[in-house]
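All remarks here apply to the structure that follows.
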Ligand SMILES: [Zn+2]
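Printed below as a string of structure tokens:
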């Protein structure tokens with residue numbers, strides 16, 4: 018399985034993925050552009066999909082941290 022980060026449709030920057038909640042407490046997947054802050058928010062009702070999205074998001078964040086970490090930073 019290959020996970021790839023979604024990119025902004027306008028500027029092509031890698032979108033930041035985060036889980037958010039609506040005022041009613043519904044879980045939403047938020048995708049925001051790091052350049053201008055525009056964002057999408059998608060609501061999901063399927064619990065399994067939400068769980069897998071959380072895992073994929075964490076994987077992406079870990080990969081980003083690893084990629085950005087300076088060498089010998091421990
Ligand atoms: Zn953008």
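In the numbering used here, the protein residues as written are 18 to 91.
Cβ atoms here follow ideal geometry from the backbone N, Cα and C, with glycine treated the same way.
Which value, in whole angstroms, describes the spacing of the CA atoms of residue i and residue j?
i: residue 62; j: residue 45; result: 9 Å
i: residue 55; j: residue 49; result: 6 Å
i: residue 31; j: residue 51; result: 8 Å
i: residue 39; j: residue 67; result: 14 Å
i: residue 21; j: residue 64; result: 22 Å
i: residue 70; j: residue 28; result: 24 Å
i: residue 41; j: residue 80; result: 32 Å
i: residue 53; j: residue 75; result: 23 Å
By Cβ distance, which residues of its chain are closer than 6 Å to residue i, with the 5 residues on each side in sequence left out?
i: residue 60; result: 43, 45
Among residues of its own chain, excluding the 5 on either side of residue i, which ones have a beta-carbon nearer than 7 Å to its beta-carbon?
i: residue 37; result: 45, 47, 58
Does the separation of the CB atoms of residue i and residue j fall below 9 Å?
i: residue 73; j: residue 34; result: yes
task = For ligand 1, enumerate in chain order all residues having a CB closer than 6 Å to any of its heavy atoms.
result = 25, 27, 28, 30, 50, 52, 53
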